[in-house]
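Q:
Numbering (the UniProt record's numbering), first residue to last: 1 to 556.
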């Protein structure tokens, strides 16, 4: 079968050449502004100023103090050197981690080590992308490229946190060998992120970018959209299953090209700049599927949200890590899923058991279902969009550190274990400079059919700078009057988190009894706008071509 034809290449090429010239000119102009505004050479005041924006300023300063050539570097050069230094530490630690493979204990310690090896490899790729942007200076004049730099630096920090979480549960040899080096990586990336944010802020980039459309025009023809989101995707998302032109068909009865999703994914092209469509016929597929980072631009289409089901039952109790428990895991950029369910059947007694883990940048889930108990949807990292999806769970069942918008979704709390409360979100932002957070917009929060009256909360802070907002959503009476709950008795993050509510409605939306933490906000319209699709995930730059009906801003 054949994919749908793409746009005329000659016209696209001409437009993109003109675009590149415009971007280069804008970048040079903005670079001149930065050089005129910031010190021409390295100074303690610049580094100190940048590091003050981090959670640990002294560690930030110390991680930058040893960089080569500091007395002669302008800020953008300093950022370049800082990113390269972080890459060096990642490479060294990755080599060490691979060398530990033969010495780790079988079982959980080996699994945790493999988590770290994979996450270090991902981090090296993230930093390589960042370095390309830093060398070209395209992030200075372009909001989408700036968002990408922050996204991949934030993803690098998240990867180290996840590695540490995995090896923490082993408490053995691997932890003793890796933990210090992984923490050093996290500190070096955090320092680079601080430099980046300071450069952007000094250049007054945000105010300038709102008056320009340098890269994308939402109302234009879309020729400048990223290559993995072509106009053809619009038809793929709008067609009925019978009309879809798929590159591969999965059918359990042997009537398609494959009988398992994993086989179809494994045979898909790597590093593709064209959409590759896999249609999965109705049925329950008992398999753990992993879409690795080289499998870019895949689209997975089912026969219906509750007709095509991918299911598994891995869990922490049964001897794996939270990260590795996912029934379906995706890293390849530009992934799209439609009309399919992902579930983890381990049950509430198995505790952490992920149905879907997503570390795919610019990924879309449309009319999908995520079914589990604790830790159902792991929105791990990078930029993600969920539209008209159903999410079921009990404890922290939407968690991770992605920049993710859930829009027009149904979030359903189900019966937990007797001693448990229900917490819908557990967002894991660790660094105040990260552009991550959960925006739950125009959604419905209610009870699943098996729900019993249990204290139910909008979320709790997994990390110090946890960030989650609910906007213009229906909150049923299952929500406790205080709305939010602490992570533990130590009060982690209550002064540094960012939790917000804006114009929600329903019996659980009353604000009179809400918690009074300094990090809790009743948002005004201006504040709420920063958590819309257009801003938190730069959605107007990449979502229009998918054909998904989405709200760019707030409902009016």
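By construction, the Cβ of each residue, glycine as well, lies at the ideal position given by its N, Cα and C atoms.
The structure presented is a predicted model; accordingly, all values stated were derived computationally and were not measured.
#1: Locate the beta strand (DSSP E) running through residue 421, then write down its first and last residues.
#2: Excluding the 5 residues preceding and the 5 following residue 365 in the sequence, name in chain order all residues of the same chain whose CB lies nearer than 6 Å to its CB.
#3: In the structure shown, what three-state DSSP assignment does residue 212 receive?
#4: Count the other CB atoms, across all protein chains shown, that sit within 10 Å of the CB of residue 65; report buried if there are 16 or more and exposed otherwise.
#5: Would you check if the distance between the CB atom of residue 276 and the CB atom of residue 298 is smaller than 7 Å?
#6: Got a sec? Which residues, its chain only, sit under 8 Å from residue 57 by beta carbon, not counting five neighbours each side?
#7: Within a Cβ cutoff of 7 Å, which residues of the same chain sit near residue 189, ignoring the five residues on either side of it in sequence?
#8: Leaving out five residues before and five after residue 367 in sequence, what residues of the same chain have Cβ atoms less than 8 Å from its Cβ?
#9: Please state the DSSP three-state secondary structure of residue 439.
#10: With DSSP run on the structure shown, which of helix, strand or coil describes residue 46?
#11: Look up residue 250 in the DSSP assignment and say whether it is helix, strand or coil.
#12: How is residue 165 classed by DSSP in three states: helix, strand or coil?
#13: Considering only the beta carbon of each residue, do residue 554 and residue 506 sit closer than 7 Å?
#14: Within the continuous alpha helix (DSSP H) that includes residue 464, where are the two ends?
#15: Please determine, among 68, 193, 72, 349, the residue with the shortest C-alpha to C-alpha distance to residue 420.
#16: Quick check on DSSP: helix, strand or coil for residue 109?
#17: Got a sec? Which residues, its chain only, sit under 8 Å from residue 219 by beta carbon, not counting five neighbours each side?
#18: What is the C-beta distance between residue 261 and residue 250, in whole angstroms, given that I count them as a contact (C-beta under 8 Å)?
#19: What is the rounded straight-line gap between the Cα of residue 315 and the Cα of residue 267?
#20: Below 7 Å CB to CB, which residues in the same chain sit around residue 84 once its five sequence neighbours on both sides are set aside?
#21: For residue 493, which three-state DSSP category applies?
#22: Using a Cβ distance threshold of 8 Å, determine whether the segment 171-188 contacts the segment 464-483, with at least three qualifying pairs required.
#23: Using CA atoms only, rank isn't needed, just tell me which of 330, 310, 145 is closest to residue 294.
#24: Quick check on this structure: which residue in 149, 187, 552, 380 has the alpha carbon closest to the alpha carbon of residue 403?
#25: Output needed for residue 536: all residues of its chain with C-beta closer than 8 Å, excluding positions within five of it in sequence on either side, in chain order.
#26: Following the continuous beta strand (DSSP E) through residue 193, name the residue where it begins and the one where it ends.
#27: Use the C-beta contact count for residue 271: other C-beta atoms within 10 angstroms, 16 or more gives buried, fewer gives exposed.
#28: Between which residues of its own chain and residue 528 is the CB-CB distance below 8 Å, once the five residues before and five after are set aside?
#29: DSSP on residue 486, reduced to helix/strand/coil?
#30: If you follow the beta strand (DSSP E) that residue 336 is part of, which residue opens it and which one closes it?
#31: Using only CA atoms, which one of 375, 100, 382, 493 lies nearest to residue 397?
#32: Report the residue from 341, 363, 328, 318 whose alpha carbon sits nearest the alpha carbon of residue 347.
#33: If you draw a straight line from the alpha carbon of residue 509 to that of residue 479, how long is it in whole angstroms?
#34: Rank 446, 460, 269 by C-alpha distance to the C-alpha of residue 427 and give the top, closest one.
#35: Is the distance from the Cβ of residue 560 to the Cβ of residue 82 below 7 Å?
#36: My output table needs one value for residue 456: the three-state DSSP class, helix, strand or coil.
A: The structure says:
#1: No beta strand (DSSP E) holds residue 421; DSSP gives it neither H nor E.
#2: Same-chain partners within the cutoff: 337, 386, 389.
#3: Confidence at residue 212 is low in this model, with a pLDDT of 32, below 50, so the placement of that residue should be treated as unreliable; the coordinate-derived value is given next. Coil.
#4: Classification of residue 65: exposed, given that the 10 Å Cβ count is below 16.
#5: Taking 7 Å as the Cβ cut-off, residue 276 and residue 298 qualify as a contacting pair.
#6: Excluding sequence neighbours, residue 57 sits near 48, 51.
#7: Excluding sequence neighbours, residue 189 sits near 86, 153, 156, 157.
#8: Hits under 8 Å: 305, 338, 339, 387, 388, 389.
#9: Residue 439: strand per DSSP, three-state reduction.
#10: Per DSSP, reduced to three states, the secondary structure at residue 46 is helical.
#11: Reduced to three states, the DSSP call for residue 250 is strand.
#12: Looking at residue 165 - three-state DSSP - the assignment turns out to be helix.
#13: 7 Å or more divides the Cβ of residue 554 from the Cβ of residue 506.
#14: Bounds of any alpha helix (DSSP H) do not take in residue 464, whose DSSP letter is neither H nor E.
#15: For residue 420, the closest C-alpha among the options 68, 193, 72, 349 is that of 349.
#16: Assignment of residue 109 by DSSP, reduced to helix, strand and coil, places it in the helix class.
#17: Its pLDDT being 31, under 50, residue 219 is placed unreliably in this model, and the value from its coordinates should be taken loosely. Closer than 8 Å at Cβ, skipping near neighbours: no residue.
#18: With a Cβ gap of about 5 Å, residue 261 and residue 250 count as contacting.
#19: Between residue 315 and residue 267, the C-alpha separation is close to 28 Å.
#20: Excluding positions up to five away in sequence, the list reads 131.
#21: Residue state, collapsed to three classes: coil.
#22: No, because fewer than three Cβ pairs between the segment 171-188 and the segment 464-483 fall closer than 8 Å, the two stretches do not touch.
#23: Comparing alpha-carbon positions, the option among 330, 310, 145 lying closest to residue 294 turns out to be 330.
#24: Taking residue 403 as reference, the option from 149, 187, 552, 380 with the minimal CA-CA separation is 380.
#25: The residues are 403, 405, 435, 437, 439, 530.
#26: Segment 173-202 is the alpha helix (DSSP H) holding residue 193; no beta strand (DSSP E) there.
#27: Exposed: under 16 other Cβ atoms inside 10 Å.
#28: Excluding sequence positions up to five before and after residue 528, its CB lies within less than 8 Å of the CB of 469, 471, 500, 502, 503, 554, all in the same chain and listed in chain order.
#29: Shown here, residue 486 sits in coil according to DSSP, grouped into three states, outside any helix or strand.
#30: DSSP places residue 336 in the uninterrupted beta strand (DSSP E) bounded by 336-338.
#31: Minimum Cα distance to residue 397 is reached at 375.
#32: Looking at the Cα atoms, 318 is the closest of the given residues.
#33: If you draw a straight line from the Cα of residue 509 to the Cα of residue 479, it is about 8 Å long.
#34: It is 460 whose Cα lies nearest to the Cα of residue 427.
#35: There is simply no residue 560 to check, as the chain begins at 1 and stops at 556 in what is shown.
#36: Looking at residue 456 - three-state DSSP - the assignment turns out to be strand.
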